[in-house]
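Chemist:
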Amino acid sequence: MQVIIVGAGTVGAPLVDVATGSGNEVVVVEQDGGRANEIADAYDCAVLHADATDESTIQDAGADRADALITTTGRDPTNLFVCLLGAEHDIPTVVSLLQRPAHRHLFAELGVYTVAGLHDLAAESLYRVARQPAVSESMPVAGDAAVFRITVGADAPIADTMLVDARSTGVLPDDVLVVAVRTGDGEAEIARSETTITPGDEVTVYSSRGTTADVTAVFSTDVREDGARGRF
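Residues 1 to 232 in full-length UniProt numbering are what the sequence shown lists, from first letter to last.
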């Protein structure tokens, strides 16, 4: 996929490492000349030494063909403005590092996914969200296993299906377990065999394979074979 990464600091630099290492076409926008040169020398990616809040910079970075925009600066206002530019250019997935949780609703109003964290963990999370935005939260357990939350899509294979039926028909793999369900009206319950999964439900899931595309595709058709959505 084609990714624009804004900022190459303590979170941005590890993110560039993850994104380029996964074979993506990456464009980095960094205002600090020294950092820009370091990234250009260390990684196989395009680097723009420019101000990302300038609309022409986002255009030069390839907004018209980008699959994802990820902002990693240390200032929420800067990240928010760049995300706004990304939304205006119809970039399918826009993800931002979040410094203050109180600002989360501002990003949400733009349809921006946010990640709060530090350094390498935040970089991994930002990349995962860019690839699988339907997954709202994920926690590794042991080996490849993970517990994650995901919102059920209207056309998802498991939508409007009782869990016992989803299991018996093979829609729900044997190594995937729905643990809990939060309905659209906010009610939460432990998942049982007779629980019916409906579109809009947020389900908590255990998977021995983690958040692979074939697992998340059970719950959201907004995911393709490479684990991404939209044009990825």
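C-beta: ideal position from N, C-alpha, C; glycine also. No experiment lies behind these values; they were computed from the predicted model shown.
Out of 164, 149, 44, point me to the one whose CA is closest to residue 219's CA.
Modeler: The residue with the shortest Cα to Cα distance from residue 219 is 149.
Chemist: Ignore the nearest five residues each way along the sequence and tell me which others in residue 83's own chain have a CB closer than 8 angstroms to its CB.
Modeler: 69, 71, 94, 96, 107, 110, 112.
Chemist: Should residue 208 and residue 159 be called a contact, given that it needs their Cβ atoms to be closer than 7 angstroms?
Modeler: Result no, Cβ atoms of residue 208 and residue 159 do not sit closer than 7 angstroms.
Chemist: Distance, Cα to Cα, residue 181 vs residue 31?
Modeler: Their backbone Cα atoms lie some 44 angstroms apart in a straight line.
Chemist: Which residue wins for smallest C-alpha separation from residue 23, given the options 1, 185, 105?
Modeler: Selected option, being the one with the closest Cα: 1.
Chemist: With H, G and I counted as helix, E and B as strand and the rest as coil, what does DSSP make of residue 59?
Modeler: Three-state DSSP puts residue 59 in a helix.
Chemist: Mind checking if residue 102 is an interface residue toward chain B, Cβ cutoff 7 angstroms exclusive?
Modeler: No chain B appears in the structure shown, which is made up of a single protein chain.
Chemist: DSSP three-state label for residue 88, please.
Modeler: Of the three classes helix, strand and coil, the one that applies to residue 88 here is helix, per DSSP.
Chemist: Going by other Cβ atoms of all chains shown within 10 Å of its Cβ, with 16 needed for buried, is residue 20 buried or exposed?
Modeler: Flag for residue 20 reads buried.
Chemist: Nearest-angstrom Cα distance between residue 175 and residue 184?
Modeler: C-alpha separation (whole angstroms): 26 angstroms.
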